[in-house]
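Residue numbers (our numbering), protein chains in the order written: chain V, 99 to 436; chain E, 80 to 635.
Below is the structure:
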């Protein structure tokens, strides 16, 4: 709240989610609205049916690929850093580091600034522009991994584990379950950076987005489709959506080593429950130290938490001497591929 | 203890038995003494000390982390040791500070570029053997500072492994027996060679490893009361029975209890289960009453007034660390003896069965050990008559008939043709498939775990299915594919990995017995149910009723 009691940037929560009154738009609304600013292309944030959508060019390309050319009434591309005046509020999109095209929404209004983080991470990622810190009065953050138990591992280490396992198990297929948008492409790029140059095999569901990334200039190397495979792919690396890991689809591989790339793999019981033999603790969201560090670095005195493990983060914000509030927005589903 | 932590970590995620054996074998091969001996101790009998660990940990965490944050973390993870291992804020190098571009993870020394799997114990700044020797010296109240220093030094996996070895509850899917099997593989020995001397050894098992690597003699366990590997029986198939010459065999009843080995001498007694586990502490009534020098093979039972009680009663005495007076009175333990491996210090295993039997009978008549009797021989010489006895006897406590070659020596393992077990025909019931659940490991893409039920009439006069058992084997791989397909096309409702199906598929379920159970909705529980046949031809409505199953319940 500003001193006179009005919310910063005129932000409030209604039945569709976060709404900026001066600008007349929602951010990542969970049901169709007239005007929506969309932070990134994941299905729980980018939904069809809005009148007008404002997003980065890459996000718009992703939304059109997933939901079709007519996913919204109209699309307006706003590149990173470019300011846009909407009803007295100035809106800017800056990189969030989550996936290709992901953005934080910076809103300046009557001398106060709010930053809506969307989904974000601090770790470097060859497929996404890195997180850009913006100091503000009100910081609105996600809290997917908002518990002290969540600390991700360095990328290179986890990729090293995967490659070591491939080398030690040449008679088996390595099946990597990963979220189809963002995580899969990031892992492929990391494998290439580590020197792996064999073709990487894809489940049908991964195809379109990998091709899109390549068309937007991200080099993923040689990709092949599992349905074109001439054998049961022993010794190869295959990517699939998490749901296909224990599904009939996996029967066409050789005694697969089930790997799963997600921040949830930090907790042993989660990995074992899914029958994961090779947990890879890599995530496209901030871990606990990252969340705390970012909250502190923004300098915001007021912090709202949109979704995730809000309770612990809000408590921590209190310990840091700031005002925290859980919005408990529903509709941003907990996804097992996080 | 990086290599040890890595071993435990990989064991916990590897489902396959062979993969676990290989991991342990590689660890034992590449790890020096005494670290590997202590690792073996942790994987088998545990470390020989115990601490008030829970209180120490809670005190430590109270100082290191906000109470509310810890509570929320523990509620999420569900395991205190793992929670602590994960949340521990070690003051390591490269700790993440404030700032937008700091790497998110900063704990421990598993930096990019560190070799994986990690290198051995010699170069490790904190060796497993060091941890163990310090634990042996530390007082109960001085554990906290030591523990804190170690937790600061280790990474997340190391912390988890340290806490696991302190609590003793590893939960990595490795039994003591599997660990011993891995050790045996170092010298291409069998696990029985290890079992035979195990109870005479102490960690860190230097003499054991020396012997396995050809650097030393087989450890002499002398007068220690060790477990001697058992002679195991083969199931008798129709072809074996047809070819059997009954005049060469001795027949006895197969008693429905637990196979045990009594090793007594020098005023001490050990009671071993068939896998070599020492269960003496659960049977003070037996162990305290025996004062003789012998190694005997027999069946542990509950017997009241000369009558053998149902297996269910024996189950009340098993898997207990302590027993109270009421349990001893309600479920009196008893051993029915059928073989002697040694008597008064003389090893009898080379003698033929009839000679051992004669010696056992003579010894028994002289010694009259408490809570024991001899297994009765069945004096029948005609195969047809024995077969009739086998098919008619359904007395409580009898599982079938044992056929043992009169000239057989007592050898370890399961050599074919020496001892046959002829289990009585199983009971069967035609049940309706109600729920199918995804299997685990290799079967995780198949609906292979089946819950089946029988019909009963309820108050309103309608019929309903009530679950009577669950089984996941007995069918061929081809049949599994067919059932899996049927389940997918006849699903009524899904609950995660479980599907409820239309009540139309009938299984002929075979089971050894059925007993009353207050823990089950149907009021009964089947013993060892398996899918015997799939009755594609039978409509669900014609499956059996619950009353039919209840009539098969064993009464004492």
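All residues carry an ideal CB built from backbone N, CA and C; glycine is no exception.
Distance between residue j and residue i (C-alpha atoms, nearest Å)
i, j, result
"residue 156 of chain E", "residue 144 of chain E", "16 Å"
"residue 220 of chain V", "residue 125 of chain V", "22 Å"
"residue 268 of chain E", "residue 309 of chain E", "16 Å"
"residue 441 of chain E", "residue 106 of chain E", "50 Å"
"residue 174 of chain E", "residue 387 of chain V", "Only weak support exists for where residue 174 of chain E lies, its pLDDT of 37 falling under 50; the coordinates are left without a value."
"residue 396 of chain E", "residue 385 of chain E", "18 Å"
"residue 242 of chain E", "residue 390 of chain E", "38 Å"
"residue 336 of chain V", "residue 588 of chain E", "40 Å"
"residue 359 of chain V", "residue 137 of chain E", "32 Å"
"residue 125 of chain E", "residue 325 of chain E", "47 Å"
"residue 185 of chain E", "residue 279 of chain E", "Residue placement at residue 185 of chain E is flagged as unreliable, the pLDDT there being 29, under the threshold of 50; the coordinate-derived value follows with that caveat. In a straight line, the C-alpha of residue 185 of chain E is about 46 Å away from that of residue 279 of chain E."
"residue 208 of chain E", "residue 86 of chain E", "15 Å"
"residue 491 of chain E", "residue 311 of chain E", "7 Å"
"residue 562 of chain E", "residue 526 of chain E", "8 Å"
"residue 123 of chain V", "residue 225 of chain V", "29 Å"
"residue 602 of chain E", "residue 612 of chain E", "25 Å"
"residue 181 of chain V", "residue 430 of chain V", "27 Å"
"residue 290 of chain V", "residue 319 of chain V", "7 Å"
Backbone secondary structure at residue i - three-state DSSP
i, result
"residue 340 of chain V", "helix"
"residue 250 of chain V", "coil"
"residue 118 of chain V", "strand"
"residue 186 of chain E", "Caution is warranted here: a pLDDT of 28 is assigned to residue 186 of chain E, below 50, making its placement in the model unreliable, and the coordinate value is therefore given only provisionally. Reduced to three states, the DSSP call for residue 186 of chain E is coil."
"residue 429 of chain E", "coil"
"residue 167 of chain V", "coil"
"residue 418 of chain E", "strand"
"residue 108 of chain V", "helix"
"residue 524 of chain E", "coil"
"residue 137 of chain V", "coil"
"residue 143 of chain V", "coil"
"residue 363 of chain V", "helix"
"residue 369 of chain E", "coil"
"residue 240 of chain E", "helix"
"residue 593 of chain E", "strand"
"residue 216 of chain E", "helix"
"residue 395 of chain E", "coil"
"residue 413 of chain V", "helix"
Continuous alpha helix (DSSP H) stretch holding residue i: start and end
i, result
"residue 90 of chain E", "81-92"
"residue 590 of chain E", "Residue 590 of chain E -> not in any alpha helix (DSSP H); beta strand (DSSP E) instead, spanning 585-590."
"residue 104 of chain E", "96-109"
"residue 403 of chain E", "From DSSP, residue 403 of chain E is part of no alpha helix (DSSP H); its letter is neither H nor E."
"residue 462 of chain E", "462-471"
"residue 418 of chain V", "Where residue 418 of chain V is concerned, there is no enclosing alpha helix (DSSP H), given that its DSSP letter is neither H nor E."
"residue 150 of chain E", "146-156"
"residue 232 of chain E", "222-232"
"residue 271 of chain E", "270-277"
"residue 288 of chain E", "285-291"
First through last residue of the beta strand (DSSP E) which encompasses residue i
i, result
"residue 183 of chain V", "182-184"
"residue 334 of chain V", "No beta strand (DSSP E) holds residue 334 of chain V; DSSP gives it neither H nor E."
"residue 451 of chain E", "451-453"
"residue 188 of chain V", "187-193"
"residue 387 of chain V", "Per DSSP, residue 387 of chain V belongs to no beta strand (DSSP E); it is in the alpha helix (DSSP H), 386-396."
"residue 173 of chain V", "172-175"
"residue 116 of chain E", "Per DSSP, residue 116 of chain E belongs to no beta strand (DSSP E); it is in the alpha helix (DSSP H), 114-122."
Rounded Cβ spacing between residue i and residue j (contact assumed at less than 8 Å)
i, j, result
"residue 274 of chain E", "residue 259 of chain E", "7 Å"
"residue 503 of chain E", "residue 478 of chain E", "7 Å"
"residue 498 of chain E", "residue 480 of chain E", "About 11 Å; that fails the 8 Å criterion."
"residue 361 of chain V", "residue 248 of chain V", "6 Å"
"residue 178 of chain V", "residue 384 of chain V", "Actually they do not touch by this definition, with Cβ atoms about 19 Å apart."
Partners in chain B for residue i, counting only beta-carbon separations shorter than 8 Å
i, result
"residue 162 of chain E", "No chain B appears in this structure, whose protein chains are V and E."
| field | Residues in the stretch 564-588 of chain E having any Cβ partner in chain V nearer than 7 Å | value | none
| request: Give the residues from the stretch 340-356 of chain V that approach chain E closer than 9 Å (Cβ to any Cβ), ordered along the chain. | output: 343, 344, 345, 346, 347, 348, 349, 353 and 356
| Can you list, in chain order, the residues of the stretch 139-158 of chain E whose Cβ is nearer than 8 Å to any Cβ on chain V? | 144, 145, 147, 148, 149, 151, 152, 155, 156, 157 and 158
| request: Select from the stretch 383-416 of chain V all residues with a C-beta closer than 8 Å to any C-beta belonging to chain E, and list them in chain order. | output: 384, 385, 387, 388, 391, 392, 394, 395, 407, 409, 410, 413 and 414
| said: By the 9 Å beta-carbon criterion, what residues does the stretch 316-344 of chain E contribute toward chain V? | reply: none
| query | Going along the stretch 86-119 of chain E in order, which residues come within less than 8 Å of chain V, judged by CB to CB distance? | reply | 91, 92, 93 and 94
| query | In the stretch 363-374 of chain V, which residues sit with their C-beta less than 8 Å from some C-beta in chain E, listed in chain order? | reply | 364, 365, 366, 367, 369, 370, 373 and 374
| query | Looking at chain E, which residues of the stretch 126-154 of chain V have a Cβ within less than 7 Å of any of its Cβ atoms? | reply | none
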